[in-house]
Every structure is written in structure tokens, then in C-alpha cells.
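*Asks:* According to my numbering, the sequence shown is numbered sequentially starting from 1342. We put the beta carbon where it would ideally sit given N, CA and C, even for glycine. The structure follows.
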Amino acid sequence: MTEPQPTVLYHEDGAVGVITFNRPEKLNALNPQVLDDLEAAVDAFEASDVRCGVVTGNGRAFVAGADIGHYVGLTIHQYRDFMVRGRAAHDRLVHSPKILIAAVEGFALGGGFELALCCDLIVAAADARFGLPEVKLGLLPGGGGTQRLSRALGARRTLDLLVTGRFVHADELASWGIVSRVVEKGGALSEATRLADLIAAQAPHAVRLAKRLLRDGADAPLEAALTLEHAETAALYMTEDAREGISAFIEKRPAAFTGR
């Protein structure tokens, strides 16, 4: 008898780690097992020497939200526990030092949209649909949908999505600055992997610092954020990779970055 596959898979393709939601028969809907398997996949990604990551879903959806069947009969304590576990998984993505790219085909709804927002970049197929439809169930998103999205999109547009529960296509989110790249149907994973390969070829310290400066400076006063930027970029100049990058430019050759 074969063992069932995890609900979240992890594999590596060169310098890129790929995390794949793997409940296609349920449109990759989230339940406690998915959250546990996601944590395990992120553990493997973080422990690896890969330099960039892609998050995607098998089948017709990225993640179509929470598994509604799981909610039936939950006590308030069980519901809160599910929310806490979801937040922990989201935080793992947000605070990963490595760049993560969401490759979205089909639906990214509710918790799926929130997971995509936890990634640093989003590549989406033209027919991909995003939304926060929880209001139609008498609920609201509790995994960052009211907070992360409003910080990236603004309060009015976020409120539109929250109180109507409407779906939006990738092109609309791209015009709003949420989706980074829109590609033909079926092309999100290949484009995200191509982008991840490009990022993985850059100096690792510089890439990680770019992510950290944007994250840590976002809620800081401008002067404090500029001071942080000055100190960190000055320290970056002293790395071996910075010397290699400058030498390679002068010598008109590709740089060979080592992460030192």
C-alpha cells in the first residue's frame, strides 16, 4: 500500500526551491494538515542552499481558500487555533530571508489570496481570479486580508473587495500593483521559475538585504528607515560578492557570486 503524498510538496530545481500545494481534488483548500505540511515544506526550503523560491498549486487552483467543511462544528477555541496556525504559516513566508514568488493559476481566494500576498512577487495567469469572499459566509479574512492588502493597495480598494466579496482578474490586480507579471494561461509556473532563476543568479546578500530593508523600513519613520538603509548598504560594500561584482563589471565578465 502506497503512502499518501503530503498535501504540500517540496522539490528543488537548480538554485530554486518549489513549494506546491497538492490537494487538487479540493482546489488546494486549506485545513490543519495543509498548514502542517506547508510548515514542513518551508523548513526544507530554509534549510537548503537554494537562493529563491516559488510557491504554486497543483490542478485548477493556487489555493481556493479554507476548506469550509473543516469549519463545521468547530468551537470558538478550535477556530482560533486554526487561525493561529494559519498566521504562523503566513509569517514563515513573510519573514523568510529568501525571495518567494507566487505562481498563480486559477483561483487564489480567501486564505489563498492571503498566502499569495505573503510572497514577495506574484506571477499570475491572465485568467487567474483573486478575491476575499468571506463576507458571503458572514466572515472576514483573518490571515492578513484586511491588513496586508490594505497596506499594499490602500483602504478604499481593499474595502471594496472585503465588503463585496467580488473576484478580480490578474490584469486588474496588476494595474493596482499587486500582481507583478501577467502571463498566458498555463504559463505562471514557468515564468515564475524563470524569474526565480534570474534572482538566484544575483548576489545573495544583496537580494536578501533588499527584501529586509523594504520589510523593516515600511512602517518606520522615513529618517529612521534612511538611516537603516545607509548602515546596511555600507556594510554590503564590504562583502566578497560586492568586490566580485565590481571586478566582473570592470573586466566585462559574468560575476560569480558565492554568498560571502
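Could you check how far apart the C-beta atoms of Arg1397 and Val1359 are, in whole angstroms? I think they sit under 8 angstroms.
*Replies:* For the record, residue 1397 in the displayed sequence is Thr; it is not Arg. The Cβ separation is near 7 angstroms, so the contact holds.
*Asks:* Return the bridge partner residues of Val1520 from the DSSP annotation.
*Replies:* Paired residue(s): none; Val1520 is not in a bridge.
*Asks:* Strictly by DSSP, which residues pair up with Thr1397?
*Replies:* Looking at the DSSP assignment, Thr1397 forms a beta bridge with Thr1361.
*Asks:* Nearest by alpha-carbon distance to Glu1573: which of His1546, Glu1592 and Thr1599 is it?
*Replies:* For Glu1573, the nearest C-alpha among the options comes from His1546.
*Asks:* Can you list the beta strand (DSSP E) stretches of 3 or more residues lying completely in the segment 1422-1465, in chain order?
*Replies:* Taking only runs of at least 3 residues, the beta strand (DSSP E) segments lying wholly in the segment 1422-1465 are 1440-1445 and 1448-1450.
*Asks:* Rounded to the nearest angstrom, what separates Ala1469 and Gly1447 at their Cα positions?
*Replies:* If I take the Cα positions, the gap works out to 4 angstroms.
*Asks:* What would DSSP say about Asp1377, mapped onto helix, strand or coil?
*Replies:* Residue state, collapsed to three classes: helix.
*Asks:* Report the three-state DSSP secondary structure of Met1342 (helix, strand or coil).
*Replies:* Since pLDDT at Met1342 reaches only 43, below the 50 mark, its modelled position is unreliable, and no value is offered.
*Asks:* So is the beta-carbon of Asn1399 under 8 angstroms away from any non-hydrogen atom of the ligand ADP?
*Replies:* Ligands are entirely absent from the displayed structure, and the ligand ADP is therefore not among its contents.
*Asks:* Where Pro1595 and Ala1511 are concerned, what is the direct C-alpha to C-alpha distance, given to the nearest angstrom?
*Replies:* Pro1595 and Ala1511: Cα-Cα distance of roughly 35 angstroms.
*Asks:* Secondary structure at Leu1480, three-state DSSP: helix, strand or coil?
*Replies:* DSSP places Leu1480 in coil when its eight states are reduced to three.
*Asks:* Under a three-way DSSP split, which group does Phe1386 fall into?
*Replies:* The answer is helix: DSSP assigns Phe1386 an H, G or I state.
*Asks:* Which term fits Gly1453, buried or exposed, when burial requires 16 or more other beta carbons within 10 angstroms of its beta carbon?
*Replies:* Flag for Gly1453 reads buried.
*Asks:* Is it true that the CB of Leu1376 sits closer than 9 angstroms to the CB of Arg1426?
*Replies:* Yes, the pair counts as a contact, with Cβ atoms nearer than the cut-off.
*Asks:* Within 10 angstroms of its Cβ, does Lys1439 collect 16 or more other Cβ (buried), or is it exposed?
*Replies:* Lys1439 should be labelled buried.
*Asks:* Would you report the Cα separation of His1571 and Thr1487, rounded to the nearest angstrom?
*Replies:* His1571 and Thr1487: Cα-Cα distance of roughly 32 angstroms.
*Asks:* For Val1395 versus Leu1441, is the C-beta spacing smaller than 9 angstroms?
*Replies:* Taking 9 angstroms as the Cβ cut-off, Val1395 and Leu1441 qualify as a contacting pair.
*Asks:* Along the beta strand (DSSP E) that carries Val1548, what are the first and last residues, could you check?
*Replies:* No beta strand (DSSP E) holds Val1548; the alpha helix (DSSP H) holding it covers Pro1545 to Gly1558.
*Asks:* Let me know the secondary structure DSSP gives Val1404 once reduced to three states.
*Replies:* Of the three classes helix, strand and coil, the one that applies to Val1404 here is strand, per DSSP.
*Asks:* Using the Cα positions of Leu1490 and Val1435, report the straight-line distance between them to the nearest angstrom.
*Replies:* Cα to Cα, the separation comes out at about 13 angstroms.
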